[in-house]
Amino acid sequence: MATRAGDQIIQYMIDADDRIVYVSDGWWFFAEENGAGPDCYPPQLMGRSLWNFIAGEETRQLYRILIAKTRSDKATVQIPIRCDSPDLRRQIMIDLKSVGDGHIEFVCRTLQVEARAPVDLLRSGPARSDRFIHICSFCKKIAVSAEEWIDTERAIERMALFSAAMLPRLSHRVCPACHNAALAER
Ligand SMILES: [Zn+2]
Numbered sequence: 415m416a417t418r419a420g421d422q423i424i425q426y427m428i429d430a431d432d433r434i435v436y437v438s439d440g441w442w443f444f445a446e447e448n449g450a451g452p453d454c455y456p457p458q459l460m461g462r463s464l465w466n467f468i469a470g471e472e473t474r475q476l477y478r479i480l481i482a483k484t485r486s487d488k489a490t491v492q493i494p495i496r497c498d499s500p501d502l503r504r505q506i507m508i509d510l511k512s513v514g515d516g517h518i519e520f521v522c523r524t525l526q527v528e529a530r531a532p533v534d535l536l537r538s539g540p541a542r543s544d545r546f547i548h549i550c551s552f553c554k555k556i557a558v559s560a561e562e563w564i565d566t567e568r569a570i571e572r573m574a575l576f577s578a579a580m581l582p583r584l585s586h587r588v589c590p591a592c593h594n595a596a597l598a599e600r
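The opening residue of the sequence shown carries number 415 in the numbering used here; numbering runs sequentially from there.
Here it is in structure tokens:
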């Protein structure tokens, strides 16, 4: 498949208490494509805390910093993330915009999409072993050692993940590069 750009824009909004108060239609198509369950259907989201939907304490911590900055500066903060599904590499830019009364609008623009052979590691279905590997919530790199984070496909090869009887579990973290980039925004 050819690379597409700008084919999906998803918007959602939180109030001053970080509760979801608006979700655009695009959300559901996107969530469904990424294997989300019925609790991500827009009517089920209204009034629920944003923090129910962000996995990993480090990731939540970084979002808290960026959300606080957006509110205090009344500015737009940009967060580049990889939002992959098993068979797509997807580069997304999230703009956090202060829209008054502590409300923040999230505008997620797809910058680039590339098809790839499906990566079972990112599927929600298969049974998992008790082993954990760390995946960065922002760039989707995987930690192959304490210091080295590399792309999903390369990490799978390097760690010979498919030779194990069961896939490991994913623990959502923030890699040093994304951590530093987010703090530089502050
Ligand atoms: Zn990262």
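Think of the CB as a built atom: it goes at the ideal place given N, C-alpha and C, for glycine as much as any other residue. Computed from a prediction, not measured in an experiment: that's the story for all the values here.
- If you compare the alpha carbons of Asp565, Ile547 and Cys497 with that of Leu581, the shortest gap goes to Ile547.
- Nearest to Phe444 by alpha-carbon distance, out of Leu535, Arg504, Val435 and Asp432, is Arg504.
- Under the 8 Å Cβ criterion, the stretch 515–533 does not count as touching the stretch 552–565, having fewer than three qualifying pairs.
- Arg572 and Glu561 have their C-alpha atoms spaced approximately 15 Å apart.
- In this structure, Val588 has its CB closer than 8 Å to one or more heavy atoms of ligand 1.
- Taken through DSSP and simplified to helix, strand or coil, His517 comes out as coil.
- Lys483: member of the alpha helix (DSSP H) spanning Glu471 to Asp487, first to last residue.
- Counting of Cβ neighbours within 10 angstroms places Thr490 among the exposed residues, the total staying below 16.
- Under the rule that a run must span 3 or more residues, the beta strand (DSSP E) segments found entirely inside the stretch 532–556 read 542–550.
- Residue side-chain check: Lys511 keeps its Cβ at 8 Å or more from all non-hydrogen atoms of ligand 1.
- Ranked by Cα distance from Ile518, the first of Leu525, Gln492 and Gly539 is Gln492.
- Distances taken from the Cβ of Cys522 to the heavy atoms of ligand 1 include none shorter than 8 Å.
- Distance from the CA of Asp431 to the CA of Cys497, rounded to the nearest whole angstrom, comes to 25 Å.
- Per DSSP, Pro500 is not a residue of any alpha helix (DSSP H), being assigned neither H nor E.
- It is roughly 15 Å from the alpha-carbon of Val513 to the alpha-carbon of Arg433.
- The residue among Ile424, Pro452 and Leu597 with its C-alpha nearest the C-alpha of Ile508 is Ile424.
- In this structure, Cys550 keeps its C-beta atom at 9 Å or more from the C-beta atom of Cys522.
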